[in-house]
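Contents: one structure, followed by commentary.
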Amino acid sequence: MKCSNCGYEFDDHACITSKKTELQNGDISICFNCGEVHQFMDGTLKLIDIKYLPLKTQKEIKIAISTLN
C-alpha cells in the first residue's frame, strides 16, 4: 500500500494502534515519509483528520509523529 499523499510504500508494520503484523479495518498508520495519518478501511489506506479521533488516540499519534522528526 502507498501513502495517498506522497506515494511512500507502506509495509505491514506501519500500524500504530496494534501489534498485529497485518493491517485490519480501523487501524491507524503514520507515513514515515510525510507524516500524514491514515486509517485502514476496506483494504485501503485513507487520509484522516485526527481531530475526529478519541483524545487518547490523538495524543498517541502526536507522540508517534514527534519521534519521526
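Following the numbering used here, the numbering of the sequence shown begins with 247 at its first residue and continues without gaps.
Beta carbons are placed, not taken as given, at the ideal position from N, Cα and C, and that holds for glycine.
Of all alpha-carbon atoms in Leu299, Ile294, Leu269, Lys302, the one lying nearest the alpha-carbon of Gly281 is that of Ile294.
With 16 or more other Cβ atoms from the protein chains shown falling within 10 Å of its own Cβ, Gln285 counts as buried.
When DSSP states are grouped into helix, strand and coil, Glu306 belongs to the helix group. Taking all protein chains shown into account, Ile307 has 16 or more neighbouring C-beta atoms within 10 Å of its C-beta and is therefore buried. Assignment of beta-bridge partners to Thr313 by DSSP yields no partner.
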